[in-house]
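K.L.:
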Amino acid sequence: MGGVGITQFWVAFISICLQILITNFDSTLMASSHPVITSYFNASNAAAWLSTAFLLTSTAFQPLFGRVSDTIGRKWLHLASLFVFGLATTGCALAPTIGIFIAGRAVAGLAGGGVTAMGSIMINDMVPIEIRGVFQSYLNLFFGAGSAAGAAFGGFLCDRLGWRWTFGMQVPVIALVMILSAFTIPSSLGPHLARNSDKTARQLIASFDITGSILLTLTVGLLILGLNVGGAILPWNHPLVITSLVLALVSIPFLGYAEKRAERAVMPLWILSRPPHANLVLSNFFSMVGINTILFNAPLFFQAVLLDTPSMSGFRLTAPWIAATVCGVSAGFIMTATRRMKPLLVIGSFSMLIGAVLLTAMWPTIPPWLATTFLIPPNIGQGLAFPATSLAVLATCKQEDQAVVTSTLILNRSLGTVLGVSVSSLIVQNALWQLLEQNVTGEGREEVIKLARKSVEAIRDLKGIHQKEVIEAYRQTLTLTFGSAIVVFLVVVGLLSVIKLPRLGKQGEAK
């Protein structure tokens with residue numbers, strides 16, 4: 001295992017799995033706990049910033065960890081990320097004001113992004129590509145379990161322990177994995193360019209892509225800020241939203257120019273322009289757009305069309321999550337046994353497409369169990385395709401490029417997540433307004449439309465024809481929204497169907 005003893009490797013691997021679990025638990029914790037926290041500080045208007053602050057910093061700075069760890073080594077950057085993550089989590093637990101809490105979430109996002117990226121990069125260093133799929137499966141299991149636990153049990157823990165202890169209880173776990181990592185992760189992981197290169201310190205600093213790093217961080221940060229704030233916190237026509245998105249678009253050509261000239265680009269252009277790397281990375285970006293379009297809006301269908309309670313609509317996502325987790329774990333073993341990745345990519349992409357088509361066919365009286373079943377194919381597709389993509393993109397690049405490729409892949413998944421939520425929300429907002437205007441008739445029409453747009457729960461209290469009209473407007477809106485996922489998944493199918501990939505262990509041999 002990369003020159004590491006068996007016992008040492010397994011302790012290090014368990015430590016990395018626990019880190020993935022705790023960082024993903026923390027990243028989704030706000031989904032169900034933010035009402036308790038904002039109520040404590042009497043700051044309900046700041047609710048969206050609790051998640052936005054974490055997402056903004058984790059996504060914007062994550063791509064830098066690959067190149068930085070190439071220069072100074074994996075271990076110390078990893079330990080520094082864990083230490084800062086622990087401090088930030090402690091700060092959240094002790095925060096006296098909502099402002100300090102949000103600042104703590106921002107720092108936790110930056111460090112948590114580093115912990116996640118470095119965990120994947122170090123596994124790539126220690127595990128041969130031929131058997132890496134199995135270990136990737138275990139990471140997928142902890143990734144999914146952490147994400148699901150944070151979203152599902154965050155509110156419960158806040159009710160039982162209090163929100164401060166919900167953050168505080170993470171600190172001993174972070175301290176434990178930091179100690180385990182310090183004693184078991186080899187200091188030799190990574191190229192260690194600062195130590196092994198014949199260049200002087202000044203030459204190494206000059207060769208580091210500082211300009212590209214700054215531009216990439218600014219571009220991603222502005223894009224995330226505009227997409228996440230627009231429609232959720234501020235209207236889309238607000239100057240902050242417009243300025244953020246315009247500046248992000250304007251900075252893209254400058255970023256491309258900087259990366260083209262850089263000796264060691266923080267995000268090399270060949271990853272996004274040369275097949276099969278570009279096909280694999282971009283397929284994950286578009287897959288996340290489609291998957292999050294579905295998962296973000298499925299609860300809305302259950303509540304607005306089938307009149308489920310919020311808790312029941314969330315519970316219905318359990319089966320799709322289990323399907324994704326089982327397939328994600330199985331995919332690693334399948335790839336290790338067959339040494340082939342493309343079959344899983346193709347099956348996964350078509351499964352996501354079929355799922356989106358099924359969702360557009362849902363009707364107002366569809367049995368809830370059948371609607372839940374329609375959510376399973378997209379999650380099966382994600383579970384099969386994502387581990388295969390992670391392995392395929394590494395199998396088709398050199399060892400020295402694997403850290404930066406991993407960072408770029410994670411970045412594109414994060415951007416796809418944000419774009420899927422933002423664009424689908426924009427579709428829902430605009431389509432719903434028009435369809436309510438078309439569908440709702442009769443006395444009190446304006447009041448019904450206003451009520452239906454303001455509160456989904458109010459639909460259950462509507463009477464007679466007005467309830468049917470509002471339900472139909474929501475159904476048509478969500479059919480259109482799920483239809484946008486079909487377009488995205490068609491792109492994914494096209495990107496993955498045309499590529500040739502090597503068999504594991506035979507990097508130069510395309511099959």
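If you're matching positions, the sequence shown starts at 1 in UniProt numbering and goes up one per residue. Just so you know, even glycine gets a beta-carbon here, dropped at the ideal spot from N, CA and C.
1. For a test of the three-state rule: what should DSSP assign to residue 256, helix, strand or coil?
2. Among 481, 304 and 391, which one has its Cα closest to the Cα of residue 127?
3. Which residue or residues does DSSP assign as beta-bridge partners of residue 436?
4. Could you check how far apart the C-beta atoms of residue 418 and residue 228 are, in whole angstroms? I think they sit under 8 Å.
5. Counting only runs that start and end within the region 421-492, where is the alpha helix (DSSP H) found for 4 or more residues in a row?
6. Which one of 95, 149, 163 and 57 has the shortest CA to CA distance from residue 114?
7. Which whole runs of the alpha helix (DSSP H) in the region 102-189 are 4 residues long or more, in chain order?
8. So, are the CB atoms of residue 67 and residue 266 less than 7 Å apart?
9. Please report the straight-line C-alpha distance between residue 421 and residue 414, rounded to a whole angstrom.
10. State yes or no: is the C-beta of residue 54 within less than 7 Å of the C-beta of residue 109?
11. Cβ of residue 403 within 7 Å of Cβ of residue 181?
12. DSSP puts residue 264 in a beta bridge; with which residues?
13. Pick from 124, 19 and 64: whose alpha carbon is nearest that of residue 79?
14. Among residues of its own chain, excluding the 5 on either side of residue 74, which ones have a beta-carbon nearer than 7 Å to its beta-carbon?
15. What are the boundary residues of the alpha helix (DSSP H) that includes residue 13?
16. By DSSP, does residue 234 sit in helix, in strand, or in coil?
17. Quick check on DSSP: helix, strand or coil for residue 510?
18. Check residue 316 in the structure and name its three-state DSSP category.
19. If you compare alpha carbons, which of 298, 487, 287 and 320 is closest to residue 416?
20. Suppose the cutoff is 6 Å on Cβ atoms and the five residues either side in sequence are ignored; what does the same chain contact list for residue 301 look like?
21. Going by DSSP in three states, residue 297 sits in which element: helix, strand or coil?
22. Roughly how far, in whole angstroms, is the beta-carbon of residue 167 from the beta-carbon of residue 356, given that I think they are within contact range, below 8 Å?
23. Under a three-way DSSP split, which group does residue 192 fall into?
24. Between the Cα of residue 500 and those of 294, 279 and 411, spot the shortest distance and give me the residue it belongs to.
25. Can you have a look at residue 184 and say buried or exposed, based on whether 16 or more other CB atoms are within 10 angstroms of its CB?
26. So for residue 305, helix, strand or coil by DSSP?
P.N.:
The structure says:
1. helix
2. 391
3. According to DSSP, residue 436 bridges with nothing at all.
4. 6 Å
5. 445-454
6. 57
7. 132-161, 163-168 and 170-184
8. yes
9. 11 Å
10. yes
11. no
12. 208
13. 19
14. 118, 121, 122, 125, 189 and 190
15. 6-28
16. strand
17. In this prediction, residue 510 has a pLDDT of 38, which is less than 50 and means its spatial position is unreliable; what the coordinates show is noted afterwards. In the structure shown, residue 510 sits in a strand (DSSP, three-state: E or B).
18. coil
19. 287
20. 478
21. helix
22. Incorrect: roughly 37 Å between the Cβ atoms, too far for contact.
23. coil
24. 279
25. buried
26. coil
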